[in-house]
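Mapping of the sequence shown onto full-length UniProt numbering: residues 1 to 163, in sequence order.
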Amino acid sequence: MSDTTIPIRFVLNGERVDARVEGYETLLEVLRTRFGLYGARESCGQGLCGCCTINVDGDAVTGCIYPAIHADGAEVSTIESLEKEGVLDPVQQAFIDCGAFQCGFCTSGFILMSRQLLDRNPDPSEAEIRSYLSGNLCRCGAYPEIVQAVRLAAERMRAAAPA
Numbered sequence: 001m002s003d004t005t006i007p008i009r010f011v012l013n014g015e016r017v018d019a020r021v022e023g024y025e026t027l028l029e030v031l032r033t034r035f036g037l038y039g040a041r042e043s044c045g046q047g048l049c050g051c052c053t054i055n056v057d058g059d060a061v062t063g064c065i066y067p068a069i070h071a072d073g074a075e076v077s078t079i080e081s082l083e084k085e086g087v088l089d090p091v092q093q094a095f096i097d098c099g100a101f102q103c104g105f106c107t108s109g110f111i112l113m114s115r116q117l118l119d120r121n122p123d124p125s126e127a128e129i130r131s132y133l134s135g136n137l138c139r140c141g142a143y144p145e146i147v148q149a150v151r152l153a154a155e156r157m158r159a160a161a162p163a
């Protein structure tokens, strides 16, 4: 780190944090190197595959190309934020129950995008699921199981919602 670093402050998974970043650093790099959060991964390095998905102010961003300085003042959440007190998020549990992964490299991005979809649309059709997740790539080809997992999570979340 040189003396050209820029101080930023943001809320990370519910906790206020500070970091000093270089102008060229991505949010993905900062989360991995400064905060030890390895759930999001870099694969393509061009924002095309979804492996690096991170939520900033409630919207999914491609962490491998998102400038870290843009997180200043934002609320940032990663896959690590979904599990609460040892209980997995319904989307995480559905991915496990449906075997919606093989190597697991892309899974965190799919889970974050699926959670965002279900927060916005609690009862998506299969076509809506496929369309919403079209920016995420699974090189193992677990797409049928991923769609099944999103549908199962949606069903469970609707059943658990207060009437």
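Using N, Cα and C, we set each Cβ at its ideal position, and we do this for glycine too.
Since we're looking at a predicted model, the values are computed, not measured.
Ile6 - DSSP class collapsed to helix/strand/coil:
strand
Should Tyr132 be counted as a contact of the ligand GDP given a C-beta to heavy atom distance under 6 Å?
Of ligands this structure carries none, so the ligand GDP is not represented either.
Measuring straight from C-alpha to C-alpha, what distance separates Thr78 and Cys106?
Computed Cα separation, rounded: 14 Å.
Under the DSSP definition of a beta bridge, which residues are partnered with Ile54?
DSSP lists Val61 as partners of Ile54.
Is it the case that the stretch 87 to 97 contacts the stretch 105 to 123, given that we only count it when at least three CB pairs across the two stretches are under 8 Å?
yes
Specify the secondary structure class of Met1 as computed by DSSP and reduced to three states.
A caution first: Met1 carries a pLDDT of 47, below 50, which makes its placement in the model too unreliable to give a value.
Below 8 Å, can you find three or more Cβ-Cβ pairs linking the stretch 49 to 66 to the stretch 126 to 137?
yes
Is Ala149 helix, strand or coil by DSSP?
In this structure, Ala149 counts as helix in the three-state DSSP scheme.
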